[in-house]
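See structure below.
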Amino acid sequence: MKKNICLNIFLFFTALVILSSCANQKRIVYFQKELNESDTINVAKQYVPTIQPGDILAIPISSLNPAASSFFNPYNVPSGNIGTDNTNAVTATGSLPLTQSTANGNLVDANGMIELPLIGAVKLGGLTTAQARDTIKNRLKTYLKEPTVNVRFLNYKISIMGEVARPSVYVIPNEKVTLPEALSMAGDLTIFAKRENVLIVRDNNGKKEFGRVNLNTREIFTSPYYYLHSGDLVYVEQGKSKTAQTEQSYRLLPIILSALSFLAIIFSRYK
1 MKKNICLNIF LFFTALVILS SCANQKRIVY FQKELNESDT INVAKQYVPT
51 IQPGDILAIP ISSLNPAASS FFNPYNVPSG NIGTDNTNAV TATGSLPLTQ
101 STANGNLVDA NGMIELPLIG AVKLGGLTTA QARDTIKNRL KTYLKEPTVN
151 VRFLNYKISI MGEVARPSVY VIPNEKVTLP EALSMAGDLT IFAKRENVLI
201 VRDNNGKKEF GRVNLNTREI FTSPYYYLHS GDLVYVEQGK SKTAQTEQSY
251 RLLPIILSAL SFLAIIFSRY K
């Protein structure tokens, strides 16, 4: 009889652990397939950013005459070395430290203009980096033979807050980053994160736009928030499990103690 009682108690606690594990696994698994859902999905249209007032641009210029070209390169933006914790280097995730990446460059003023040596003011506001490159290149042809121009953002940044391993502001060295990539940069979500309700706050024509995505499903790949915009804020909410963890421990403690006391009584009685 003693063996049967112990076996029943053991099976009861084992069943609780298995049921809890199944529920938790479904909550934390990304990109789960819905019933009858295809394994091929058309992703959201890629976002192409345009230059806005307040942006900081790196504009390296070269030509057949290096000495003449150097006159148009007053800023020497260091590329840095790959690292993880060095604040003067590009991080291993591909993001640039905010202080370094915005320290040098050409500031776009409130009218969408920048100033370049000799050619003066150039309007770049509202243009893509490819269009800005062609605009500057055409202006330089008067001074340089076969000029080559590259334009890229130095302040293309996103903010990640909440239940992630490394919440921070991340500066992206290219012009494209997806939400899964951004969360990977931040060290992934913690086990306590609310994956089904991730919030993205976006500036849209002077207004704040609030969007939510469910990382447990594949809807993220068709969402307008799949590609993040410069200035986006990603906030990962804390799930109920974390706030309830301490309370749950206190609730389970009396049960465990009672079970141990019950086992002690059984053993002493049938000893």
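The working numbering numbers the first residue of the sequence shown as 1 and each following residue consecutively.
C-beta: ideal position from N, C-alpha, C; glycine also.
These numbers were taken from a predicted model, which means no experiment stands behind them.
Beta carbon of residue i nearer than 8 Å to that of residue j
| i | j | result |
| --- | --- | --- |
| residue 53 | residue 108 | yes |
| residue 61 | residue 125 | no |
| residue 178 | residue 151 | no |
| residue 201 | residue 233 | yes |
| residue 211 | residue 225 | yes |
With 16 other Cβ atoms within 10 Å as the buried cut-off, status of residue i
| i | result |
| --- | --- |
| residue 164 | buried |
| residue 106 | buried |
| residue 74 | exposed |
| residue 230 | buried |
| residue 66 | exposed |
| residue 194 | buried |
| residue 273 | Beyond the ends of the chain as shown, which are 1 and 271, falls residue 273; an answer cannot be given. |
| residue 70 | exposed |
| residue 29 | exposed |
| residue 198 | buried |
Cutoff 6 Å; reference residue i; Cβ partners in own chain excluding five residues on either side
| i | result |
| --- | --- |
| residue 140 | 147 |
| residue 56 | 102, 105, 107, 154 and 155 |
| residue 149 | 61, 133, 136 and 137 |
| residue 119 | 139 |
| residue 113 | 121 and 123 |
| residue 161 | 167 and 235 |
Beta-carbon proximity list for residue i, same chain, < 8 Å, skipping 5 on both sides
| i | result |
| --- | --- |
| residue 111 | 53, 123 and 125 |
| residue 46 | 176 and 227 |
Spatial neighbours of residue i in its chain, beta-carbon cut-off 7 Å, leaving aside the 5 residues before and after
| i | result |
| --- | --- |
| residue 18 | Reliability of the predicted coordinates at residue 18 is poor, the pLDDT of 45 falling under 50, and no value is obtained from them. |
| residue 189 | 163, 164, 183, 195 and 236 |
| residue 127 | 50, 51 and 135 |
| residue 145 | 63, 64 and 65 |
| residue 223 | 44 and 213 |
| residue 246 | Low confidence applies to residue 246: its pLDDT is 45, below 50, so where it sits in the model is not reliable, and the reading given next is rough at best. Within the same chain, residue 246 has no close Cβ partners at all. |
Touching by the beta-carbon criterion (3+ pairs, under 8 Å), the region 209 to 221 and the region 27 to 40 | Contact holds: three or more Cβ-Cβ distances are below 8 Å.
Sufficient close CB pairs (3 or more, under 8 Å) joining the region 202 to 213 to the region 37 to 50 | They do not touch, by the three-pair rule.
Scan the region 145 to 231 and note each continuous beta strand (DSSP E) run of 3 residues or more that stays entirely inside, going in chain order.
-> For the region 145 to 231, the full-length beta strand (DSSP E) segments reaching 3 residues or more read 157 to 162, 168 to 171, 198 to 204 and 207 to 213 along the chain.
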